[in-house]
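Each remark here refers to the structure printed beneath this line.
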Amino acid sequence: MAKNKNSEATVEEKLRSLYDLQLIDSRLDEIRNTRGELPLEVQDLEDDIAGKEKRYAKIEEDIKTLEQKIKEEKEAMKTAAALIKKYTKQQDNVRNNREFEALSKEIEYQELEIEHSEKKSKEFSAKIDFQKEKQEELNEKINSHKEYLEHKKSELENIVKETEKEEERLNALAEEYSQSIEGKLLKAYQKIRASVKNGLAVVALERGASAGSFFTIPPQRQMEIAMRKKIILDEHSGRILVDAELANEQKEKMEAIIKA
Numbered sequence: 057m058a059k060n061k062n063s064e065a066t067v068e069e070k071l072r073s074l075y076d077l078q079l080i081d082s083r084l085d086e087i088r089n090t091r092g093e094l095p096l097e098v099q100d101l102e103d104d105i106a107g108k109e110k111r112y113a114k115i116e117e118d119i120k121t122l123e124q125k126i127k128e129e130k131e132a133m134k135t136a137a138a139l140i141k142k143y144t145k146q147q148d149n150v151r152n153n154r155e156f157e158a159l160s161k162e163i164e165y166q167e168l169e170i171e172h173s174e175k176k177s178k179e180f181s182a183k184i185d186f187q188k189e190k191q192e193e194l195n196e197k198i199n200s201h202k203e204y205l206e207h208k209k210s211e212l213e214n215i216v217k218e219t220e221k222e223e224e225r226l227n228a229l230a231e232e233y234s235q236s237i238e239g240k241l242l243k244a245y246q247k248i249r250a251s252v253k254n255g256l257a258v259v260a261l262e263r264g265a266s267a268g269s270f271f272t273i274p275p276q277r278q279m280e281i282a283m284r285k286k287i288i289l290d291e292h293s294g295r296i297l298v299d300a301e302l303a304n305e306q307k308e309k310m311e312a313i314i315k316a
């Protein structure tokens with residue numbers, strides 16, 4: 057079990073606690089890495105589908121607008137036809153040629169209005185057909201993407217299920233061990249961890265260099281690290297350094313705890 061947070065803890069105890077937390081966090085990183093790009097793929101697919109569904113809804117609104125315009129043109133044709141009928145009837149009762157010609161012009165104008173409305177209605181119908189084709193293509197893509205999304209979600213869920221219990225346990229351990237580290241030191245650890253690609257904020261010495269580094273640490277510095285009297289950072293990577301013996305002891309201990 058992790059010790060309670062204690063400002064009186066020795067440097068060695070602090071180093072052991074930090075390395076314990078690093079081992080837990082590293083295992084959590086391994087688990088999350090097994091998921092690879094799947095979480096991002098799932099999110100991208102969901103965003104893409106949402107975007108296509110939005111476009112589909114916009115096309116649907118455009119079609120409704122065009123259908124309304126066709127309806128308006130049909131109403132205009134009905135009105136024009138009624139006026140033609142009215143003016144034609146009035147021609148039977150005109151008193152002179154001038155009145156007859158005036159009514160003839162009104163009839164001609166309404167006939168042009170009908171032709172214009174018919175033309176616009178055909179244009180609107182053609183636009184509707186085009187929009188429906190786009191909508192159908194979009195719907196096929198949406199359905200295809202949804203099928204692929206379900207496949208990816210299932211794949212991700214299976215991976216998550218395989219490691220779910222271990223991840224929950226590790227998260228609980230990480231929280232527990234974090235509580236044993238003084239706030240300032242924990243923040244420093246988290247800052248270093250966030251700044252390095254592999255998440256390793258605490259590393260052991262390997263062949264006279266910090267793990268994963270090609271820069272050799274001077275013998276005097278190596279002795280200071282082995283003495284565990286102060287927290288020492290790698291001047292090249294900024295990571296906290298521990299000696300190999302301490303690292304091996306903590307690895308053995310933490311492996312037993314994590315597997316328990």
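The working numbering puts the sequence shown at residues 57 to 316.
We put the CB at the ideal spot given by N, CA and C, even for glycine.
Starting from residue i, trace the beta strand (DSSP E) in both directions and tell me its first and last residue.
i           : result
residue 261 : 258-262
residue 296 : 296-298
Considering only the alpha carbon of each residue, which of the options lies closest to residue i?
i           : options            : result
residue 126 : 88, 225, 172       : 172
residue 309 : 275, 189, 72       : 72
residue 90  : 120, 64, 223, 196  : 223
residue 253 : 302, 154, 75, 294  : 294
residue 138 : 165, 122, 107      : 165
residue 274 : 268, 261, 168, 207 : 261
residue 107 : 201, 176, 129      : 201
residue 86  : 220, 237, 244      : 220
residue 283 : 121, 300, 270      : 300
residue 92  : 246, 304, 212, 305 : 212
residue 277 : 270, 286, 269      : 286
residue 157 : 170, 143, 169, 167 : 143
residue 112 : 190, 133, 251, 148 : 190
By Cβ distance below 8 angstroms, which residues in the same chain neighbour residue i in space, the five residues on each side in sequence not counted?
i           : result
residue 234 : 77, 242
residue 204 : 101
So is residue i buried or exposed if we call it buried at 16+ other beta carbons inside 10 Å?
i           : result
residue 67  : exposed
residue 99  : exposed
residue 311 : exposed
residue 155 : exposed
residue 182 : exposed
Considering only DSSP beta bridges, list what residue i is partnered with.
i           : result
residue 113 : BP columns for residue 113 are empty, so no partner.
residue 265 : 262, 272
residue 288 : 297
Which residues in the same chain as residue i place their Cβ atom closer than 6 angstroms to its Cβ, once the five residues preceding and following it in sequence are excluded?
i           : result
residue 297 : 266, 281, 288, 290
Between which two residues does the alpha helix (DSSP H) holding residue i run?
i           : result
residue 152 : Unbroken run through residue 152: none, as it is neither H nor E.
residue 37  : Residue 37 lies beyond the range of the chain shown here (57 to 316); nothing can be said about it.
residue 236 : Residue 236 -> no alpha helix (DSSP H), and no H or E assigned at all.
residue 54  : Because residue 54 is not part of the residues shown, which for the chain are 57 to 316, the question remains open.
Using a Cβ-Cβ cut-off of 7 angstroms (strictly less than) and excluding sequence neighbours within five positions of residue i, which residues of its own chain qualify?
i           : result
residue 135 : none
residue 105 : 198, 201, 202, 205
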